[in-house]
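Protein chains in written order, with our numbering: chain G, 1 to 338; chain S, 1001 to 1338. Just so it is clear, CB atoms sit at the ideal spot from N, CA and C, and this is done for glycine as well. Okay, structure first, notes after.
2 protein chains.
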Amino acid sequence: MAAGGGDKGGRVTMAAIGRLAGVSQVTVSRALSDPSKVSADTLRRIREAIDQTGFVPNALAGALVSRKSRLISALVPSITSIVYSAMVQAFGERMRAKGYQILLSETGSAPEDEEDAIMLHLSRRPDAMMLTGIHHSPKARKVLLGAGIPVVELWDVTESPIDLCVGFSHGAAGRAAADFAADAGYRRAALVHAGDERALRRKDAFAERFRQRTGQDPAEINLNAPASLGQGRLALSRLIEETGFGGGLIFCSSDLLAHGVVTEAQARGLRIPQEIGVLGFGDQEFAAHVEPALTTLSVDREALGRQAAEALLCRIEGEPIDRPIFDLGFKLVRRDSA
Amino acid sequence: MAAGGGDKGGRVTMAAIGRLAGVSQVTVSRALSDPSKVSADTLRRIREAIDQTGFVPNALAGALVSRKSRLISALVPSITSIVYSAMVQAFGERMRAKGYQILLSETGSAPEDEEDAIMLHLSRRPDAMMLTGIHHSPKARKVLLGAGIPVVELWDVTESPIDLCVGFSHGAAGRAAADFAADAGYRRAALVHAGDERALRRKDAFAERFRQRTGQDPAEINLNAPASLGQGRLALSRLIEETGFGGGLIFCSSDLLAHGVVTEAQARGLRIPQEIGVLGFGDQEFAAHVEPALTTLSVDREALGRQAAEALLCRIEGEPIDRPIFDLGFKLVRRDSA
DNA sequence: GATCAGGATGAATGCGCTATCAGCTTCGCA
DNA sequence: TGCGAAGCTGATAGCGCATTCATCCTGATC
């Protein structure tokens, strides 16, 4: 262990601080939660005792009795993806400013893992919960509703959220991409994606709209793997070698994949955007700075996180919310890759 | 609120489940913590009651009395940097497999923020704590020692850890980079970094060694901003325009900056590695796949996280650790950029 | 001097659970 | 038939704190 323990054999509690300062446990509690309720002299003695002993209040006990844990639970598929980490960062920053801590778990992509994680999180009695996506198991929905806490679902919109949702329509995003492709004169298209549920919906919407507009079916590469530059390069190789893709617009499910496609295209001497156009998704920082700069669907990840935090805080503080569905939209940013 | 509450007005507790199943609260507790201690029939009735009510045990109360929260606290400067998020992911995965949850906070780079975060985390009575770096305020050290829990410091090594440390020597890394530069025949060098404390130590070690080996002082650009591709491009521009850098090896504090430097060099028509060599740090996924592939100092972030988890688990389970300092080293991976 | 408002403090209570010890069956075996 | 062992269950006692209510003091007001 790191330690030789506290001051004495027993651990330091408010009662112990009280004994040192010559007051009761209650007064110590008051001194910490609302110093104005305690006389200046008492406050000074209590603070001295705290400094002396290195006392750290036990938030477990506090939360147990007050029924307020000041803990917000957050579930994301992965934190190594900037997509989610930037959102969680903005979310957490806002929550921390309001005195809440974040209990964060990765759920992967399997719904049953999410269910387990939800149960584990609820057992810590969080004051609110943030989930990614709008698809959850029936049991998850049930326990969430039963928990009686505000819940926000992120990265998507639905008319029937568990409680609140903040996101944008992936169908609309896919259609916007297809319209862009058709308007820009592309007569062929391909879809490269990592296989996650929301990417699939963008892809399907793209395919349908592109077919309507051009009469052509896009080729498709489902990588079924976390997005990475290497996977993006691989995707273009497979597109060319497996499907005989000879040019057109490639709509990627993330900027990282798009960057990989661009890199592979350059390595093969293919000209961008003349021979192939590349459309990314997310508008991550690097998108504007690579060569050629990526044309991409821009999503404000920080705004998603902030808005989610704001909505939950309203709920926690009992303020009315006129509409629990926040559609933050997206923007197509045209640069040089398509 | 999301909910209309539980089944009744009051909330569901073990006592309520017991009433439903016709047993006492204690038996419910046993059924959950060790089902073998309860008869098959009782177990079935308890499980039915739990399913019916959607009961979720209150881990706050459990932790309060058992003095085991099954919570591990983790403090990192930022989760949007893959450097830390990949490490936390590996750390969390191992811990989750052992039944622990992670309480994660971002501390930024200010030491006083870390101190606040440590106090907040300790108030939740975690079973162990993971910190980034080996520099902490005296007060932080004191409360950490007083908490009596295992502590691991990550990303660096020191002879005097608070409890455990897992990392590598940044001085050695900087020197290895300088030796590589000198051995490869570079007579000029430049240092591009984001300004964080560990990058500064690598930089200083590089500068000193490079001077010894070549008699030359490296140029330096301190970006004082989170590493990004755009910052990397900016850095090369500044290097050329402010310091008149005309060629040599550029040692970057991260692969992302290195990638930016490479991108800017290509945009300016500079040949790599003939005119300028670029050495990255971290060996992130994309390093091997960009063109030219990045030469970089490889650090196994997942191994850091895993080893940290393993060491903490040993401490928690009371197993002996012969040496609390784990130096996991680094590797120089030569590819095409230098 | 009596009365009262307001500030400062403390005693008692219980949040929901685990740990401990004690009680009750049942069964095997002498 | 008796008796200990083993299996199952319950009563009780806190964990450390916030909440509630009661108490005491001070000073202002009539």
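Limits of the alpha helix (DSSP H) - the one that residue i falls within
i                  : result
Val261 of chain G  : Asp255 to Ala267
Glu310 of chain G  : Arg301 to Ile316
Glu1048 of chain S : Ala1040 to Thr1053
Leu1297 of chain S : Here Leu1297 of chain S belongs to no alpha helix (DSSP H); instead the beta strand (DSSP E) covers Thr1295 to Ser1298.
Ser1024 of chain S : First-last for Ser1024 of chain S: undefined, no H or E at that position.
Val1088 of chain S : Ile1082 to Ala1097
Asp1116 of chain S : Pro1111 to Ser1123
Ala61 of chain G   : Ala59 to Ser66
Val157 of chain G  : That residue, Val157 of chain G, is in no alpha helix (DSSP H); it is neither H nor E in DSSP.
Gly1146 of chain S : Pro1138 to Ala1147
Ala178 of chain G  : His170 to Asp183
Residues that residue i contacts on chain G, provided the C-beta gap is smaller than 7 Å
i                  : result
His1289 of chain S : Leu229, Gly230, Arg233, Gly260 and Thr263
Phe1326 of chain S : Those within 7 Å of Phe1326 of chain S in chain G number zero; the least Cβ separation is about 16 Å.
Pro1057 of chain S : Ser123
Ile1072 of chain S : The contacting residues do not exist; Ile1072 of chain S stays about 11 Å from chain G at best.
Leu1143 of chain S : Reading the sequence as shown, one finds Val at residue 1143 of chain S and not Leu. Here the neighbours are Gly54 and Val56.
Ile1046 of chain S : Chain G residues near Ile1046 of chain S: none, gap ~16 Å exceeds 7 Å.
Ala1267 of chain S : Glu291
Ile1221 of chain S : Ordered by position in chain G, no residue passes the 7 Å Cβ test against Ile1221 of chain S, which lies about 17 Å from the chain.
Leu1103 of chain S : Gln101 and Leu103
Residue i versus residue j - alpha carbon distance
i                  : j                  : result
Asp255 of chain G  : Gly305 of chain G  : 20 Å
Ala1063 of chain S : Ala1147 of chain S : 16 Å
Ala1235 of chain S : Glu1264 of chain S : 9 Å
Asp1116 of chain S : Arg96 of chain G   : 11 Å
Ser137 of chain G  : Asp179 of chain G  : 34 Å
Arg271 of chain G  : Pro77 of chain G   : 35 Å
Cys1252 of chain S : Pro1035 of chain S : 56 Å
Val157 of chain G  : His1121 of chain S : 34 Å
Thr13 of chain G   : Ala49 of chain G   : 11 Å
Ala1016 of chain S : Ile72 of chain G   : 26 Å
Glu1285 of chain S : Ala1182 of chain S : 27 Å
Ile240 of chain G  : Ala205 of chain G  : 23 Å
Ala1074 of chain S : Glu1112 of chain S : 16 Å
Asp322 of chain G  : Arg1011 of chain S : 28 Å
Ile1082 of chain S : Arg198 of chain G  : 23 Å
Gly5 of chain G    : Val26 of chain G   : With a pLDDT of 33 at Gly5 of chain G, under the threshold of 50, the modelled position of that residue is not reliable, and no figure is offered here.
Gly1282 of chain S : Leu1229 of chain S : 15 Å
Pro273 of chain G  : Phe326 of chain G  : 35 Å
Leu1090 of chain S : Arg1335 of chain S : The sequence as given places Ala at residue 1090 of chain S; Leu does not occur at that position. Spanning the two alpha carbons is a distance of roughly 26 Å.
Lys1331 of chain S : Gly1174 of chain S : 12 Å
Leu257 of chain G  : Glu1291 of chain S : 15 Å
Phe1168 of chain S : Met1119 of chain S : 27 Å
Ser1237 of chain S : Ala1194 of chain S : 15 Å
Residue i: contacting residues in chain S (beta-carbon distance under 9 Å)
i                : result
Met14 of chain G : Within 9 Å Cβ-Cβ: nothing; Met14 of chain G doesn't reach chain S, min ~12 Å.
Beta strand (DSSP E) segment containing residue i, residue limits
i                  : result
Thr1132 of chain S : Ala1128 to Thr1132
Asp1327 of chain S : Ile1325 to Asp1327
Lys340 of chain G  : Past the boundaries of the shown model lies residue 340 of chain G; chain G is included only from 1 to 338, so the question cannot be answered.
Ser1105 of chain S : Gln1101 to Glu1106
Ser73 of chain G   : Leu71 to Val76
Gly277 of chain G  : Ile276 to Gly282
Glu1285 of chain S : Segment: none, Glu1285 of chain S is in no beta strand (DSSP E) and carries neither H nor E.
Glu1153 of chain S : Val1151 to Leu1154
Val1166 of chain S : Leu1164 to Gly1167
Cross-chain neighbours of residue i in chain S, by beta carbon under 7 Å
i                : result
Gly92 of chain G : Glu1106
Closer than 8 Å at the beta carbon, the chain S residues around residue i
i                : result
Leu64 of chain G : Asn1058, Leu1060, Ala1061 and Leu1064
Ser69 of chain G : Leu1060
Gln89 of chain G : Ser1078, Ile1079, Thr1080 and Glu1106
Problem set entry | chain G contacts made by the region 1075-1087 of chain S, where a contact means CB separation under 8 Å | Of all residues in the region 1075-1087 of chain S, Ser1078, Ile1079, Thr1080, Ile1082, Ser1085 and Ala1086 have a Cβ within less than 8 Å of some Cβ in chain G.
Problem set entry | In chain order, each alpha helix (DSSP H) run of at least 4 residues that lies wholly inside the region 185-273 of chain G | Entirely contained in the region 185-273 of chain G, the alpha helix (DSSP H) runs reaching 4 residues are, in chain order, 197-214, 229-243 and 255-267.
Exercise. For the region 106-126 of chain G, which residues have a beta carbon sitting closer than 7 Å to at least one beta carbon of chain S?
Worked result: Correct list: Glu106, Met119, Leu120, Leu122, Ser123, Arg124 and Arg125.
Exercise. Taking a cut of 8 Å between CB atoms, which residues from the region 1274-1303 of chain S lie near chain G?
Worked result: Glu1285, Phe1286, Ala1288, His1289, Val1290 and Glu1291
Exercise. Listed in chain order, which residues of the region 171-184 of chain G have Cβ atoms closer than 8 Å to some Cβ of chain S?
Worked result: None of the residues of the region 171-184 of chain G has a beta carbon lying less than 8 Å from any beta carbon of chain S.
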